[in-house]
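Asks:
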Amino acid sequence: MFIQRYILPLPNNPADDITLESDPLKRNVRIAVLDTGFCVDDGDELVKGGEERVIRKRNFFSADEHAHIDNDGHGTHVVGLLLRFAPRAKIIVAKISNSKHEVAGNHQIVEALTWVSSDECRADIIVLSFGLGQNPNIKSSIKGLVEAGKIIFAAASNDRGNEPRAFPASQDGVFGIHVSDGKGNRVGMTPAPVRGDNFSTLGNAIDSWWDGEDVYISGSSFATPVAAAIAANALEFIRHNFASDRDCAKYFYTPLGMRELFRCLSDRIDGYDYVKPWKKHLWDNETQPEDTCSALRDIKTYGAQLWIELWIEKTSEASFQGFEKPRRYSEYGGA
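Here the sequence shown is numbered in UniProt numbering, starting from 1 and rising by one per residue.
1. Measure the CB-CB distance between Thr224 and Ile177 and report whether it falls below 8 angstroms.
2. Residues bridged to Lys90 by DSSP?
3. Expressed to the nearest angstrom, what Euclidean distance is found between the alpha-carbon atoms of Val47 and Val78?
4. May I ask which residues mark the beginning and end of the beta strand (DSSP E) holding His178?
5. Do residue 349 and Val215 have their CB atoms nearer than 8 angstroms?
6. Taking the beta strand (DSSP E) that Trp210 falls in, what are its first and last residues?
7. Are the region 217 to 234 and the region 269 to 278 in contact at 8 angstroms, needing three or more beta carbon pairs?
8. Which residue marks the beginning of the beta strand (DSSP E) containing Thr254, and which one marks its end?
9. Mind checking Tyr332: buried by the 16 CB within 10 Å criterion, or exposed?
10. Residue ranges of each beta strand (DSSP E) run of no fewer than 3 residues wholly in the region 245 to 313, ordered along the chain?
11. Among Asn98, Leu202, Asp211, Ser117, which one has its Cα closest to the Cα of Gly149?
12. Do you know whose CA, among Ala123, Ile125, Val40, Leu256, lies nearest Trp210's CA?
13. Residues in the same chain with beta-carbon distance under 8 angstroms from Glu107, minus the five sequence neighbours each way, listed in chain order, please.
14. Determine whether the beta carbon atoms of Cys121 and Ile96 lie at a separation below 8 angstroms.
15. Do Ala232 and Ile31 have their C-beta atoms closer together than 8 angstroms?
16. Could you give the distance in angstroms between the alpha-carbon of Ala155 and the alpha-carbon of Gly50?
17. If we ignore side chains and look at the alpha-carbon of each, how far apart do Asn135 and Glu65 end up?
18. Which residues bound the beta strand (DSSP E) around Glu213?
19. Quick check: what's the CA-CA separation for Ser297 versus Tyr253?
20. Following the continuous alpha helix (DSSP H) through Lys48, name the residue where it begins and the one where it ends.
21. Suppose you measure from the CA of Ser294 to the CA of Gly184; what does that come to, to the nearest Å?
22. Who are the near neighbours of Ala112 in its chain, counting only those whose CB is closer than 7 angstroms to its CB and skipping five residues on each side?
23. Specify the secondary structure class of Gly322 as computed by DSSP and reduced to three states.
24. Could you have a look at Pro11 and say whether DSSP puts it in helix, strand or coil?
25. Under a three-way DSSP split, which group does Ala223 fall into?
26. Quick check on DSSP: helix, strand or coil for Val79?
27. Going by Cα to Cα distance, which pick from Gly43, Ile109, Pro193 is closest to Arg165?
28. Does Asp23 pass the burial test, meaning 16 or more other C-beta atoms within 10 Å, or should it be called exposed?
29. Assign His101 to one of two classes, buried (16 or more other C-beta atoms within 10 Å of its C-beta) or exposed (fewer than that).
30. Taking the C-alpha atoms as reference points, what is the distance between His68 and Arg58?
31. Can you give, in chain order, each stretch of the alpha helix (DSSP H) that sits fully within the region 109 to 166 and has at least 4 residues?
Structure representation (structure tokens):
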């Protein structure tokens with residue numbers, strides 16, 4: 001209902017000339033995917049129907065930059081989830097692997113990160129549905145992108161639930177995404193929660209298509225694009241509704257602003273922060289768009305913790321599961 005009510009009615013620009021429009025508030029949100037590439041199967045109606053929204057493709061795995069075809073399926077699943085759950089977003093594909101066992105060199109991954117954030121692509125959101133060993137060059141590149149305002153989502157687990165959060169999801173400024181079922185319950189393969197944010201969203205038993213047949217996909221690799229789609233939809237709503245308040249809109253186009261918004265969209269379940277766009281007082285069925293805009297302005301002004309606490313005080317309702325009153329609340333005259 002969230003997409004049907006709040007996103008699909010928004011104006012759309014099918015052409016979205018990527019070389020001409022540099023202002024992110026004047027064009028569709030762009031999401032870059034670094035993965036195994038992209039492949040269109042005529043039997044996959046979702047991917048086939050959304051192919052025109054994939055506006056850039058480039059191969060960094062081998063010498064032929066045009067050899068971006070996906071031979072594994074992982075990258076196509078990730079792109080398919082974005083096409084499905086972020087219906088206004090434009091997608092940029094950078095192939096950096098041929099499978100989970102065949103990954104490009106570190107310098108090629110850095111090149112891919114540089115490309116998707118360059119003037120040629122201008123990605124607003126970057127999806128990294130993989131885990132790697134830490135590398136100083138990749139770490140430095142990601143640090144620079146975060147400082148430049150790019151919103152980066154990465155898979156919290158590399159299929160090893162008993163190990164710590166994977167890199168680059170563990171890096172400061174990156175949104176590490178854990179997997180949950182459709183009600184926010186923990187799925188066994190996810191790593192233990194860490195101090196700070198532990199964002200999770202749907203990533204278990206999602207229907208998809210590969211190699212001529214229906215399949216079901218699970219893992220934080222697939223929760224990651226779902227989380228990115230939530231962010232993209234929020235930005236799409238914001239850019240259309242804050243045309244006269246660019247400062248507020250641009251705030252949410254930053255890692256800080258999006259992190260505050262995700263905190264407001266989360267319920268604490270099983271130690272994780274389950275993100276859902278239909279959170280009460282934001283994009284639920286009862287809140288009108290003008291009230292959502294007012295809430296977004298308050299989040300920018302007061303921050304997530306105080307905004308949530310003020311709603312609890314105002315409504316006397318348990319609409320924010322697992323939220324604990326911040327110690328600093330007394331500074332604002334609270335009990």
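Glycine residues also receive a C-beta, built at the ideal position from the N, C-alpha and C atoms.
Replies: Short version:
1. In this structure, Ile177 lies closer than 8 angstroms to Thr224 by Cβ.
2. According to DSSP, Lys90 bridges with Arg30.
3. Here the alpha carbon of Val47 sits roughly 11 angstroms from the alpha carbon of Val78.
4. Element bounds for His178: 175 to 180.
5. It is not possible to answer for residue 349, since the shown part of the chain is limited to 1 through 335.
6. Its beta strand (DSSP E) spans residues 206 to 210.
7. Enough Cβ pairs lie closer than 8 angstroms, so yes.
8. Taken as a continuous stretch (DSSP letters only), Thr254 belongs to no beta strand (DSSP E), as it is neither H nor E.
9. Because Tyr332 carries a pLDDT of 35, less than 50, the predicted location of this residue cannot be relied on, and no value is offered for it.
10. The region 245 to 313 contains these whole beta strand (DSSP E) runs: 266 to 269, 272 to 275.
11. It is Ser117.
12. The shortest C-alpha separation from Trp210 is found at Val40.
13. Here the sequence assigns His to residue 107, which means Glu is not the residue at that position. Excluding sequence neighbours, His107 sits near Asn137.
14. Not closer than 8 angstroms, so no.
15. The criterion of a C-beta distance shorter than 8 angstroms is satisfied by Ala232 and Ile31.
16. Taking the straight line joining both Cα atoms gives about 24 angstroms.
17. Straight-line measurement puts the Cα of Glu65 at about 24 angstroms from the Cα of Asn135.
18. Taken as a continuous stretch (DSSP letters only), the beta strand (DSSP E) holding Glu213 covers 213 to 217.
19. For clarity, residue 297 is Arg in the given sequence; the question names Ser instead. Taking the straight line from one Cα to the other gives about 14 angstroms.
20. Its alpha helix (DSSP H) spans residues 45 to 50.
21. Here the C-alpha atom of Ser294 lies approximately 27 angstroms from the C-alpha atom of Gly184.
22. Cβ neighbours of Ala112 within its own chain (closer than 7 angstroms, five residues either side excluded): Leu34, Phe60, Ala94, Ile96.
23. At Gly322 the pLDDT is 47, less than 50, meaning the model places this residue with poor confidence; the figure from the coordinates comes in the next sentence. Reduced to three states, the DSSP call for Gly322 is coil.
24. In this structure, Pro11 counts as coil in the three-state DSSP scheme.
25. Secondary structure of Ala223 (DSSP, three-state): helix.
26. Val79: helix per DSSP, three-state reduction.
27. Per the C-alpha coordinates, the member of Gly43, Ile109, Pro193 positioned closest to Arg165 is Pro193.
28. Result: exposed.
29. With fewer than 16 other Cβ atoms within 10 Å, it is exposed.
30. A direct Cα-Cα distance of roughly 6 angstroms separates His68 from Arg58.
31. Considered as a whole, the region 109 to 166 harbours 136 to 147 as its complete alpha helix (DSSP H) runs of no fewer than 4 residues, in chain order.
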